[in-house]
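Taking it in order: structure first as structure tokens, then the write-up.
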Amino acid sequence: MPEPAQKGEKIFRGIPVSAGVCRGKILVLGKSQASVPRREVAEAEILEEISRLERALILTRQQIVEVQRKVSTGMGAEEGGIFDAHLLVLEDRTLLDEVIRNIQEKRFNAEYAFHVVAEKYASTLAAIADDYLRERATDMRDVTSRILNNMLGREEEVDLKKLKEPCIIISYDLTPSTTAQLDRKIVLGFATDIGGRTSHTAIMARSLRIPAVVGLKSISGELVNGQYALLDGFNGVVIINPTDQTLFEYGQLIRKQVSLQEKLRDIQSKPAVTLDGHSIMLSANVEQATDAAEVRANGANGVGLYRTEFLFINRDVLPTEEEQFQAYRQMAAALKPEPVVIRTLDLGGDKFLSHLAVPTEMNPFLGWRAIRYCLQETTVFRAQLRAILRASVEGNVKMMYPMISGLDELNQANALVEECRAELRMRKLPFDENMEIGAMIEIPSAVMVANSLAKRLKFFSLGTNDLIQYTLAVDRMNEKVAHLYEPTHPAILRLIKATVEAGHKAGIWVGVCGEMAGDPVLTPLLLGLGVDELSAAPPLVPSIKFLIRRMKLSEAKALAEFALNCESSVEILARCQAFAREIAPSLFESKT
Ligand code: PEP
Ligand code: MG
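Taking this note's numbering, the leading residue of the sequence shown gets 6, the next gets one more, and so forth.
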């Protein structure tokens with residue numbers, strides 16, 4: 006898309022994470038950590054800037070008094086008294102005089118002038134070795150964010166479930182749990198300052214089909230509520246005040262998309278078979294029990310990854326065994342006889358439970374996550390294992406463990422499964438004695454010991470999202486290192502190849518359920534490396550099938566052979582792109 010020259014249009018570029026184009030008014034979520042906009046005010050504007058500051062102070066005072074009243078009524082006068090310190094900040098003459106001087110003398114806009122002074126006070130307080138004074142720094146920052154939100158017209162804390170008007174959300178960040186609650190009829194799209202392609206927020210957006218762009222650096226600090234925007238989730242662009250020319254070009258892009266969707270619908274019920282007759286298992290990744298309809302509608306063969314942690318977040322108490330059993334069974338029954346691979350709990354990393362007092366960690370992705378958490382919190386784990394086993398009566402359930410790093414963890418998990426089986430027999434509850442158990446291969450050490458793991462499992466599923474971050478030491482959430490997050494890095498391809506070889510040697514199948522499996526550019530490469538199954542977010546499945554039906558496995562093998570002998574990830578990616586674009590050009594017409 007060319008850069009339009011028309012005045013008023015402003016383009017922000019980030020990382021595309023969920024396809025689609027939307028247009029609408031923006032809603033900027035508050036509590037942004039992003040920079041506060043700074044501009045020089047003209048002499049004639051000084052009085053108006055000071056009035057803006059005063060209006061924001063009055064409004065903030067009203068809001069704090071109201072919060073204080075509610076807290077005092079609901080919890081008691083002592084708790085309400087906490088807000089006295091907040092009100093004092095608003096009356097601190099020394100602070101306010103300094104802010105006004107900054108507006109008059111330095112010609113700062115009101116919000117920037119306030120931010121600079123308040124941050125100076127807050128950091129001084131925070132550095133003092135006195136608990137009471139450090140607390141005042143927190144008060145100062147809390148009030149500051151309220152005042153800034155009022156001046157910038159940002160919402161303080163929006164209950165996203167209560168939104169009535171369709172909008173595009175702009176935010177510093179969105180957590181996976183918040184994203185899981187978005188209603189796609191209301192939230193047309195979202196854009197964030199930070200984030201990466203394989204963060205769970207991005208994964209959730211793709212599942213929900215909400216166009217999204219992340220890694221836009223400072224967008225939340227530069228925009229205000231009500232501005233009109235076009236968000237392009239294909240190319241990672243947000244355009245404020247799009248010109249007529251831009252809208253026209255996007256109209257054409259949408260028409261191409263509609264015609265592609267028609268082609269994809271035509272193959273919905275057709276098999277994923279290559280031109281040279283090889284059938285590929287093509288499954289879907291799901292997060293909620295209600296996603297079964299999406300799996301079928303997109304023509305997938307069952308579920309290759311059911312991320313059960315979304316059953317656990319956004320609630321105050323853990324789901325019971327019974328509740329989990331119902332959810333898992335519902336998914337299995339809806340998709341029978343197609344397989345449903347249920348992954349045991351993968352909490353931690355970027356997915357947390359608000360109601361569990363899990364301490365904040367320095368490196369959550371390297372910490373108390375997934376199987377590590379489950380092998381210590383065995384009551385939680387056992388309840389889930391029993392629920393999955395009970396759901397296996399449907400006959401099509403498989404189970405897999407996340408984040409297995411070596412044989413000990415696998416043996417411990419399998420021993421717990423044995424105990425749960427015994428418990429269910431005692432309780433006379435039926436389950437499938439032959440339910441297959443597999444493991445995600447997403448830690449490099451697991452690849453190195455894949456031969457040992459394979460002997461004790463029925464399948465492997467490569468979690469490339471984590472495998473890439475752990476192998477290349479690149480945080481999958483961090484936009485600053487997103488350019489180093491390279492799925493076609495020769496090291497990654499060798500790890501995939503080694504996993505496939507170890508699995509096949511032991512006679513088990515090997516799938517990929519990381520986001521690599523949902524990128525049509527990489528489909529021939531993965532299949533050429535010998536992968537048996539691909540599992541992707543339901544909306545991505547039709548494009549992958551479209552490509553599979555247009556390629557020959559023999560050519561994919563040649564591509565993989567080239568890749569395994571190539572030293573450059575960029576060259577490998579370029580070869581994959583050329584191959585995919587040649588066999589299925591219409592899939593890529595939305596990309597600039
Ligand atoms: C992966 O790591 O590739 C994967 C599929 O698991 P998750 O994205 O949930 O970590
Ligand atoms: Mg993972």
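The C-beta atom is built at its ideal place from N, Cα and C for all residues, glycine as well. These numbers were taken from a predicted model, which means no experiment stands behind them.
With 16 other Cβ atoms within 10 Å as the buried cut-off, status of residue i
i: K261; result: exposed
i: A329; result: The amino acid at residue 329 is misidentified as Ala; the sequence shows Gln. That one is buried.
i: R333; result: Position check: residue 333 holds Tyr in this sequence, whereas Arg was assumed. By the 10 Å Cβ count, Y333 comes out buried.
i: T295; result: exposed
i: G241; result: buried
i: N600; result: Outside the shown range of the chain (6 to 597) lies residue 600, about which nothing can therefore be said.
i: E8; result: Below a pLDDT of 50, predicted positions are generally treated as unreliable, and E8, at 42, falls in that range; the measurement from the model is reported next regardless. Label assigned to E8: exposed.
i: F195; result: buried
i: Y137; result: exposed
i: A82; result: exposed
i: T99; result: exposed
i: V322; result: exposed
i: G226; result: buried
i: V229; result: exposed
i: Y378; result: buried
i: R481; result: buried
i: V70; result: exposed
i: S573; result: exposed
i: K433; result: exposed
i: P529; result: buried
i: G353; result: buried
i: N470; result: buried
i: R202; result: buried
i: E59; result: exposed
Backbone secondary structure at residue i - three-state DSSP
i: S540; result: strand
i: Q11; result: Reliability of the predicted coordinates at Q11 is poor, the pLDDT of 44 falling under 50, and the value obtained from them is presented with this limitation in mind. Three-state result, Q11: coil.
i: R189; result: coil
i: T203; result: coil
i: Q38; result: Low local confidence applies: a pLDDT of 48 at Q38 is under 50, so the model's placement there is unreliable, with the coordinate-based value given in what follows. Q38 falls in the coil class under three-state DSSP.
i: M145; result: helix
i: C581; result: helix
i: K275; result: coil
i: T180; result: coil
i: I16; result: strand
i: Y311; result: strand
i: A134; result: coil
i: T251; result: helix
i: L477; result: helix
i: M556; result: coil
i: M209; result: helix
i: T197; result: strand
i: P590; result: helix
i: R214; result: coil
i: S56; result: helix
i: C518; result: coil
Residues near residue i by beta carbon distance below 8 Å, same chain, minus five either side
i: C571; result: P495, I577, R580
i: V274; result: Per the sequence presented here, residue 274 reads as Ser, with Val not at that position. Cβ neighbours of S274 beyond the five flanking positions: G304.
i: Y43; result: For clarity, residue 43 is Arg in the given sequence; the question names Tyr instead. Here the set comprises F113, N114, Y117.
i: K341; result: E399, G400, N401
i: E506; result: G535
Any C-beta of chain D under 9 Å from that of residue i
i: A210; result: Any reference to chain D falls outside this structure, which holds one protein chain only.
Neighbourhood of residue i by C-beta distance below 7 Å, restricted to the same chain and skipping five residues each side
i: N107; result: F113, A118, V121, V122
i: Q68; result: R151
i: L310; result: N290, V346, R348, S466, C518, S540
i: K550; result: I272, A277, L287, G304
i: G13; result: N246
i: E366; result: G372, W373
i: Q417; result: L380
Chain-order list of residues whose beta-carbon lies under 6 Å from that of residue i (same chain, five-residue window excluded)
i: Q38; result: Interpretation of Q38 is limited by its pLDDT of 48, a score under 50 that renders its predicted location unreliable; no figure is taken from the coordinates.
i: Q11; result: With a pLDDT of only 44 at Q11, under 50, the local geometry of the prediction cannot be trusted, and no value is derived from it.
i: I588; result: R555, M556
i: S388; result: Reading the sequence as shown, one finds Ala at residue 388 and not Ser. Answer for A388: E326, listed in chain order.
Residue i: CB within 8 Å of a non-hydrogen atom of the ligand SAM
i: R202; result: The ligand SAM is not among the ligands present in this structure, which contains only the ligand PEP and the ligand MG.
- Message: Which runs of the beta strand (DSSP E) at least 3 residues long sit entirely within the region 330-418? Give them in chain order.
- Response: 345-348, 402-406
- Shell residues, 5 Å Cβ cut-off relative to heavy atoms of the ligand MG: E447, G468, D471
- Message: Suppose only complete runs of 3+ residues qualify. What are the beta strand (DSSP E) ranges in the region 95-120, listed by chain order?
- Response: none
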